[in-house]
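Visitor:
In the working numbering, the protein residues as written are 6 to 242.
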């Protein structure tokens, strides 16, 4: 399954370059091909189907869903990758996983969560970071699915060129990936704390069963409910 790599561009990331946070035994699949399988068989990928992309009119079957969006992104990405003679498996894995951290209610949902995070925690909610967190920390009963750092890095920075106004790919070690500035690890650690009320119900972890944690969950749910009520009613200030 790796024979096509012989003709790839010098800029392509070969399977031999793949780095995982935890080593695993190899099989007949390439490393990035395995990441595709890990993503599409994840629970987070399944939840794409009920998330709309922009609008929240879920009763209209013609409204674009995240599932359709990532399939189209994957198709376009593979086309570009093939034209540039890059690694299509790596490209597809990044494309399929890039929006896993997106919340319901389209981009409005992300904007509202960001406002809440800034107001109550003075930090940002970023769907690309949440995508990495889902795949690194929440999937597989809280153990993550152990993707390569090349795929995780691609998911994390899939909108970075717009923010930084520059495209400058470079090879990274495992340590460099975790020690990015701003630190990937610190952002993920923050999100783990911010969302642990949800993790308790999702993963049923006893360590989050204290009265304080349950009260924190109620407060966040109340904030979300009120924020969406005001938004839908048009009374939001």
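Glycine included, each C-beta is placed from N, C-alpha and C at the ideal position.
Going by beta carbon distance, what residues of the same chain come within less than 7 Å of residue 149, once the five residues before and after it are set aside?
Guide: Here the set comprises 140, 141, 142.
Visitor: Count the other CB atoms, across all protein chains shown, that sit within 10 Å of the CB of residue 88; report buried if there are 16 or more and exposed otherwise.
Guide: Exposed: under 16 other Cβ atoms inside 10 Å.
Visitor: For residue 157, I'd like the list of residues in its chain whose CB is within less than 8 Å of its CB, leaving aside the five on either flank, ordered along the chain.
Guide: So the list reads 137, 140, 141, 182, once near-sequence residues are dropped.
Visitor: Hey, residue 41 and residue 82: beta-carbon distance below 7 Å or not?
Guide: No, the pair does not count as a contact, with Cβ atoms beyond the cut-off.
Visitor: Is residue 20 buried or exposed, if buried means 16 or more other CB atoms sit within 10 Å of its CB?
Guide: Buried, by the Cβ-count rule.
Visitor: Tell me which residues share the same chain as residue 114 and place their Cβ nearer than 7 Å to its Cβ, disregarding the 5 neighbours each side in the sequence.
Guide: If we look at residue 114 and ignore the five residues flanking it on each side, its Cβ neighbours are 108.
Visitor: Do residue 106 and residue 44 have their C-beta atoms closer together than 7 Å?
Guide: No, these two residues do not count as a Cβ contact at 7 Å.
Visitor: Alpha carbon to alpha carbon, how far is residue 73 from residue 12?
Guide: For residue 73 and residue 12, the distance between alpha carbons rounds to 31 Å.
Visitor: Go ahead and pull the three-state DSSP assignment for residue 203.
Guide: Here the model assigns residue 203 a pLDDT of 47, short of 50, so the residue's position is not dependable, and the following value carries that caveat. Residue 203: helix per DSSP, three-state reduction.
Visitor: Suppose you measure from the CA of residue 79 to the CA of residue 104; what does that come to, to the nearest Å?
Guide: Distance between the alpha carbons of residue 79 and residue 104 is about 11 Å.
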